[in-house]
Amino acid sequence: MWLVVGLGNPGPEYAGTRHNVGFMVLDRLARELNIKVERLFMRALVGQGQVDGQKVILAKPLTYMNRSGEAVVALMGWYKLEPSRLLVISDDLDLPPGRLRLRKCGGDGGHRGLRSIIEQVGSREFARLRVGIGRPAVPDYEVVDWVLGRFTEEEKALIEKAVDDASRAVQVALTRGLDTAMNIFNAGRV
1 MWLVVGLGNP
11 GPEYAGTRHN
21 VGFMVLDRLA
31 RELNIKVERL
41 FMRALVGQGQ
51 VDGQKVILAK
61 PLTYMNRSGE
71 AVVALMGWYK
81 LEPSRLLVIS
91 DDLDLPPGRL
101 RLRKCGGDGG
111 HRGLRSIIEQ
121 VGSREFARLR
131 VGIGRPAVPD
141 YEVVDWVLGR
151 FTEEEKALIE
161 KAVDDASRAV
171 QVALTRGLDT
181 AMNIFNAGRV
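Numbering (this note's numbering), first residue to last: 1 to 190.
What follows is the structure in structure tokens.
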């Protein structure tokens, strides 16, 4: 069984913002897998289904980004999952818009949602798929304004492709393994 978590902030005012790209990928994945992610459970919207004969739980924490770990640790406890069965999808300032990076484990890279999960779960040993949103070109621009801002017209096409690719990357990771997915999607061979 896998728990796949897309990070974002709940509410219509955050829909379509850079920080909600994890929600966007999870929504696309849910559509492609025909899993409805609409049940409120453990402070998250949750859906369950099957991928290649194995159970998968899709979740969107409703705890806001900086407290994502609260919902994730509750779900992991309920389903009795080890960190090795968790895959988290998030935005990444340090990757160019649309670029993907899948890793088996690692640090938070300054991402407060990932930091919250690491702190709550007590481990860095979980997979994460980061979707690049880039940094603002203006040096004095506040990061919070950037991540809570909406994509520019130029970025929208890149992000739409990245959301598609990220959904496929998760499916490959679940069905063929993280190493295979990393080889395909980190190398940009999609």
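Even for Gly, the Cβ is constructed at its ideal location relative to N, Cα and C. Small disclaimer: the values here were computed from a predicted structure and weren't measured.
Where do the ends of the beta strand (DSSP E) carrying residue i lie?
i: I184; result: Segment 178-185 is the alpha helix (DSSP H) holding I184; no beta strand (DSSP E) there.
i: F41; result: 39-41
i: A15; result: Neither: A15 is in no beta strand (DSSP E) and is coded neither H nor E.
Pull up the distance between the alpha-carbon of residue i and that of residue j, whole angstroms please.
i: L3; j: E142; result: 33 Å
i: M1; j: P139; result: 43 Å
i: C105; j: K156; result: 28 Å
i: D179; j: V163; result: 20 Å
i: G110; j: D91; result: 11 Å
i: G49; j: L102; result: 22 Å
i: V5; j: R85; result: 11 Å
i: N9; j: F23; result: 8 Å
i: V170; j: Y64; result: 23 Å
i: G113; j: L7; result: 7 Å
i: Y14; j: W146; result: 12 Å
i: N186; j: V172; result: 12 Å
Use the C-beta contact count for residue i: other C-beta atoms within 10 angstroms, 16 or more gives buried, fewer gives exposed.
i: L174; result: buried
i: L40; result: exposed
i: T152; result: exposed
i: K36; result: exposed
i: A127; result: buried
State yes or no: is the C-beta of residue i within less than 8 Å of the C-beta of residue j?
i: I118; j: L93; result: no
i: L62; j: A71; result: yes
i: E125; j: P83; result: yes
i: I57; j: L75; result: yes
i: S123; j: R67; result: no
i: I159; j: V21; result: yes
i: L100; j: T17; result: no
With which residues is residue i paired in a DSSP beta bridge?
i: Q171; result: Beta-bridge pairing links Q171 to no other residue.
i: G49; result: V56
i: S90; result: R130
i: V5; result: A59, V88
i: L102; result: L129
Which residue comes first and which comes last in the alpha helix (DSSP H) that contains residue i?
i: G77; result: 68-79
i: R28; result: 21-33
i: E119; result: 112-121
i: V144; result: 143-147
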